[in-house]
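Everything on this sheet refers to the single structure shown next.
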Amino acid sequence: MAFKEGEEPKNASFVEIGKEILKMCVGVPLAIRTIGGMLYFKKSEMEWLSFKNNELSKIPQNENDILPTLRLSYDHLPSHLKQCFAYCSLFPKDYKIDKSSLINMWMAHGFITLYDKKQSPEDVGHEYYMDLLWRSFFQEVEEDELGNISKFKIHDLMHDITIQVMRSESIIIYSKENVIDEKTRHVSFGDMLHSSSEIPISLSKARTIRTFLLPCQQWFGTSNLDSSTFSAIVASFKFIRLLDLHQMGIKTIQSSIKKLKHLRYLDLSKNKDIEMLPKSIVKLYNLQTLKLSGCSKLKELPRDINKLVNLRFLKFDRCSGLTHMPNGLGQLTNLQTLSRFVMSKGRIDSVPRSYGELKELGRLNELRGNLSIENLKQVKDAALEYKDANLKEKQRLDRLVLNWVEEDINETDVGHDDMSVEDLQPHINLKALSLERYGGVIFPRWLVSLTNPVEFKLDSCKKCQYLPSLDQFPSLKIINLYGLDSLEHISDTERDNSDSLFYPSLEKLQIRSCPNLKGWWRERRVSLPSFPRLSDLTIWDSPQLTSFPLFPYLERLDLVNCSLKQSLERMMINNKTSGNLPSFASSSSTIVAPLSKLSWMNIVNTGEALPEECLPNLISLRTLWLVKCPLPQGIRYLTALQHLYVWNSEVVDWDEMEWQGLRSLLSLEFYKLPKLVSLPMGLQYVSSLQNLEISQCPSLIAIPEWICKLISLQSLNIRDCPNLESLPEGIGALTSLQTLDIRRCPILLKRCKKQIGEDWHKISNIPNLEGQLSRQEEEPDEEEPNEEISDEAKKPACQNWDLIKAFGCCNCSTTQQLTH
1 MAFKEGEEPK
11 NASFVEIGKE
21 ILKMCVGVPL
31 AIRTIGGMLY
41 FKKSEMEWLS
51 FKNNELSKIP
61 QNENDILPTL
71 RLSYDHLPSH
81 LKQCFAYCSL
91 FPKDYKIDKS
101 SLINMWMAHG
111 FITLYDKKQS
121 PEDVGHEYYM
131 DLLWRSFFQE
141 VEEDELGNIS
151 KFKIHDLMHD
161 ITIQVMRSES
171 IIIYSKENVI
181 DEKTRHVSFG
191 DMLHSSSEIP
201 ISLSKARTIR
211 TFLLPCQQWF
221 GTSNLDSSTF
231 SAIVASFKFI
241 RLLDLHQMGI
251 KTIQSSIKKL
261 KHLRYLDLSK
271 NKDIEMLPKS
281 IVKLYNLQTL
291 KLSGCSKLKE
301 LPRDINKLVN
311 LRFLKFDRCS
321 GLTHMPNGLG
331 QLTNLQTLSR
341 FVMSKGRIDS
351 VPRSYGELKE
361 LGRLNELRGN
371 LSIENLKQVK
381 DAALEYKDAN
391 LKEKQRLDRL
401 VLNWVEEDIN
411 ETDVGHDDMS
421 VEDLQPHINL
431 KALSLERYGG
441 VIFPRWLVSL
451 TNPVEFKLDS
461 CKKCQYLPSL
471 DQFPSLKIIN
481 LYGLDSLEHI
491 SDTERDNSDS
501 LFYPSLEKLQ
511 IRSCPNLKGW
521 WRERRVSLPS
531 FPRLSDLTIW
541 DSPQLTSFPL
551 FPYLERLDLV
561 NCSLKQSLER
571 MMINNKTSGN
581 LPSFASSSST
591 IVAPLSKLSW
601 MNIVNTGEAL
611 PEECLPNLIS
621 LRTLWLVKCP
631 LPQGIRYLTA
641 LQHLYVWNSE
651 VVDWDEMEWQ
661 GLRSLLSLEF
671 YKLPKLVSLP
681 MGLQYVSSLQ
691 NLEISQCPSL
701 IAIPEWICKL
711 ISLQSLNIRD
721 CPNLESLPEG
731 IGALTSLQTL
741 DIRRCPILLK
751 RCKKQIGEDW
761 HKISNIPNLE
771 GQLSRQEEEP
781 DEEEPNEEIS
791 DEAKKPACQN
801 WDLIKAFGCC
811 NCSTTQQLTH
């Protein structure tokens, strides 16, 4: 870490100092990485020696307490990095931090310093991030499909450093009983905030709050922030710069939000009931980041949005209610991120003046990241407007989605998509391109000019008969083909240069709803090329597809509503007979057996079982889903299988299956098996099984006594088996069984009734009885509604009356209404 490869010092004494410092890190990898990262920026032998003798030597060296050593690496950070890293104290331990959001937060608090007018704070923030990553302050980096860093974590001990440094200046709230110091500037919530009543009353003391952050809101949870608490926050936190209220069940944003003059970061995303933003929101002149994604009922953006002159980040994905963009959006020339541009679906000559046209994008040449242009027209006049979007000058865009409106096309308009799409040419640096509902037959000429595309997608392009020559793109990793009704063959040309690798970088290929697709090439080929890197293949609803290139390194295979037997058998034959597999650009050129790398497989509604001759090759298969298809006869070959899911199968004789070969099986799920009467006999020999789930098996009447042979079983779930009569005595012998979950099995639940049921003695020693077993005594047969008004209903509508009073908002109109 202290030196890049090839830059190691040749001075023997320099090396010796490094070894002594290494010993003082007592072999702790985190300490070695952080100290090494810090020393990288100290180039002289004297600096290293001074650090060792004057700083590191004064710290007790203890492998059980390396916090003082880690603190040294923090103390040596430049001041601008110290505040950026310390701010991460607001995220709970082990939290996945979104890199883009964090940089926007740093910007909101003025942590980023620009020394050149040509610099953007986003780029400088990225440099700050990479510097901290290099110094090992960040770890466990995740990348998106285009290779950009998306998320990361902080080691728990490094998180302890941030808490040390920030002291009372920041706090993560885990309970309404938390005491908030009046000097606190930054607050976040360590768990999901469900309602205003969970906000500590003591928060009212901290009148100089700069950050209100909700990092732990969950998409499946429900929350509700009442309007009076919203008013209290606006009235009290006058200096707030970052306000996060995402997924709080907010229906209305009050106009008083305009009072937050210092606000730079506002997150209102996932408040699905917000229909309109107040006009006053455009008075937040310092606002840089506005997040609205998931506000599905939002009808429009503010008409005067052009007044938000400092806005740099505007994201509103999954806002299906939006019908247009406001006129003047193009005046926001500081804008770096604009996730969507929604055009009006009306005719071009009938669009209201207040609606923004595509030319609004013309001046926004600093846009970066992802941009989706929606409701493009399939008419002659469209080309005039498309050229004004100036997409060719937007060299920072990574991903571009071009989406055409679905409409009836006049005879005179046929072919105009082919012309107009030429004027939507992006910059050659574009990494991902998606064409949705494109009505043209010919693909744009500019497609071949893209230098290094990574991802290509076609969706619902009904007239598409063949694809452009995509194998010429050496960096292409992902191809998605959806809803291509006219596509019969993916390539209409022969490959002239057989010496070049076939799709050398392709890793993921998805083909869905291509009903007429027959094969890759129109002409039958004697020898087939191989995908040298393809690891993930999905084929859905393409029943005629039979001819395909080879994929010897496939790891995931997802087949739905297609010809299973013909496809797999042909592939097996092709792999065996093809003697000219190319040597791959990898560390190993060994030719592997077909399907031998496959670790995950999903087979749905194929009407036939996996061919038995394929099964011996599945030596790496760990997970297998079988939905609406029979179990294969050669199941004994799946010796590496760990997870098996059998859904909607009409199998009659389950005992014919050779279960004893599944010696690695850990979990098994039977779901919707109408003819399953008892568990398969051979299952008793699968002693490795840890989790067994049985759901919606109406014919199941008994669990066999031999279940006691499943000595590794830890969890047993039984659901919706109405005719299951009893549990076997052998279940009590399962000493590893930790959890029994029974739901909607009326006969069985009655027998398992606590203390009095005939089967209670069989299960009473199981540590965790869940589902309806855990709440038998709490559930009456039919709960009568209580007509008396509860104490909760008598309380005022405000969820946290005490908090409102503590904020001192009793003079506001909302509170006056509540008191009456």
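Numbering (full-length UniProt numbering), first residue to last: 1 to 820. Even glycine gets a Cβ: it sits at the ideal position worked out from N, Cα and C.
For residue i, which residues of its own chain have a beta-carbon under 6 Å away from its beta-carbon, when the five flanking residues on both sides are left out?
| i | result |
| --- | --- |
| D317 | S293, S339 |
| W625 | N602, Y645 |
| D653 | none |
| W540 | R512, V560 |
| P326 | L301, R303, I305, G356 |
| H643 | T623, S667 |
| M192 | C216, Q217, Q218, G221 |
| Y637 | L615, P616 |
Going by DSSP, what residue range makes up the alpha helix (DSSP H) through residue i?
| i | result |
| --- | --- |
| L400 | No alpha helix (DSSP H) contains L400, which is instead part of the beta strand (DSSP E) from 396-404. |
| H761 | 760-763 |
| A235 | 227-236 |
| V165 | 156-166 |
| I747 | 746-751 |
May I ask which residues mark the beginning and end of the beta strand (DSSP E) holding residue i?
| i | result |
| --- | --- |
| L322 | Note, L322: premise wrong, no beta strand (DSSP E); not H, not E. |
| K82 | Where K82 is concerned, there is no enclosing beta strand (DSSP E), although the alpha helix (DSSP H) it sits in stretches over 79-86. |
| I602 | Note on identity: in this sequence residue 602 is Asn, with Ile being the wrong assignment. Start and end: 600-604. |
| D655 | Neither: D655 is in no beta strand (DSSP E) and is coded neither H nor E. |
| L624 | 623-627 |
| Y685 | From DSSP, Y685 is part of no beta strand (DSSP E); its letter is neither H nor E. |
Please list, in chain order, all residues of the same chain as residue i whose beta carbon is under 8 Å from its beta carbon, the five residues on each side excluded.
| i | result |
| --- | --- |
| L748 | I718, C721, L724, E725, S726, L727, I742, D759 |
| N224 | H194, S195, S196, M248, G249, Q799 |
| K518 | E488, H489, Q544, L545, T546, S547 |
| L298 | I274, E275, M276, L277, L292, F316, C319, G321, L322 |
| V448 | P468, S469, Q472 |
| S486 | K462, K463, C464, Q465, N516 |
Please return the same chain residues whose Cβ sits closer than 7 Å to the Cβ of residue i, not counting the five positions on each side in sequence.
| i | result |
| --- | --- |
| Y685 | W659, Q660 |
| H262 | F239, I240, R241, N286 |
| S505 | P474, S475, L476, K477, R533 |
| E406 | R437 |
Where does residue i sit, in a helix, a strand or coil, going by DSSP?
| i | result |
| --- | --- |
| P552 | coil |
| E360 | helix |
| S188 | strand |
| S813 | Annotation note: pLDDT 43 at S813 (below 50); position unreliable, no value reported. |
| P796 | Unreliable positioning characterises P796 in this predicted model, as indicated by a pLDDT of 41, which lies under 50. A coordinate reading is not provided. |
| S128 | Contrary to the premise, residue 128 reads as Tyr rather than Ser in this sequence. If DSSP states are grouped into helix, strand and coil, Y128 belongs with the helices. |
| V421 | helix |
| L70 | helix |
| F584 | Note on F584: pLDDT 34, under 50, position unreliable in the model; no value is reported. |
| I240 | coil |
| R445 | helix |
| S100 | helix |
| E455 | strand |
| L557 | strand |
| G330 | helix |
| V342 | strand |
| I201 | helix |
| T538 | strand |
| S255 | helix |
| S350 | helix |
| K117 | coil |
Round the Cβ separation of residue i and residue j to the nearest angstrom and send it over; I've been treating them as touching at under 8 Å.
| i | j | result |
| --- | --- | --- |
| I172 | P200 | So it is not a contact: roughly 12 Å between Cβ atoms. |
| G328 | G362 | Actually they do not touch by this definition, with Cβ atoms about 13 Å apart. |
| V282 | L243 | Between L243 and V282 the Cβ distance is about 16 Å, and since that is not below 8 Å, they are no contact. |
Is any heavy atom in the ligand PLP found nearer than 7 Å to the beta carbon of residue i?
| i | result |
| --- | --- |
| K117 | As far as ligands go, the structure on display features none, and thus does not contain the ligand PLP. |
Is it a yes or a no for the region 218-231 touching the region 249-265, going by three-plus beta-carbon pairs under 8 Å?
Contact holds between the region 218-231 and the region 249-265, because three or more Cβ pairs, one in each stretch, are under 8 Å apart.
So, does the region 728-736 touch the region 704-714, judging by three or more C-beta pairs under 8 Å?
Touching, yes.
If contact is defined by three or more beta carbon pairs under 8 Å, each pair taking one atom from either stretch, is the region 204-224 in contact with the region 85-98?
Yes, since at least three Cβ pairs between the region 85-98 and the region 204-224 fall closer than 8 Å, the two stretches touch.
Cβ contact (3+ pairs, closer than 8 Å) linking the region 667-684 and the region 694-702:
At 8 Å Cβ cutoff, the stretches touch.
Determine, using beta-carbon pairs with one atom in the region 64-74 and one in the region 122-132, whether at least three such pairs fall under 8 Å.
Counting Cβ pairs under 8 Å, fewer than three are found: no touch.
Could you tell me whether the region 421-432 touches the region 392-403, using the rule of 3 or more Cβ pairs below 8 Å?
Result yes; three or more Cβ-Cβ pairs closer than 8 Å.
If we count Cβ pairs, one from each stretch, closer than 8 Å, do we get three or more for the region 606-615 versus the region 627-634?
The region 606-615 is in contact with the region 627-634.
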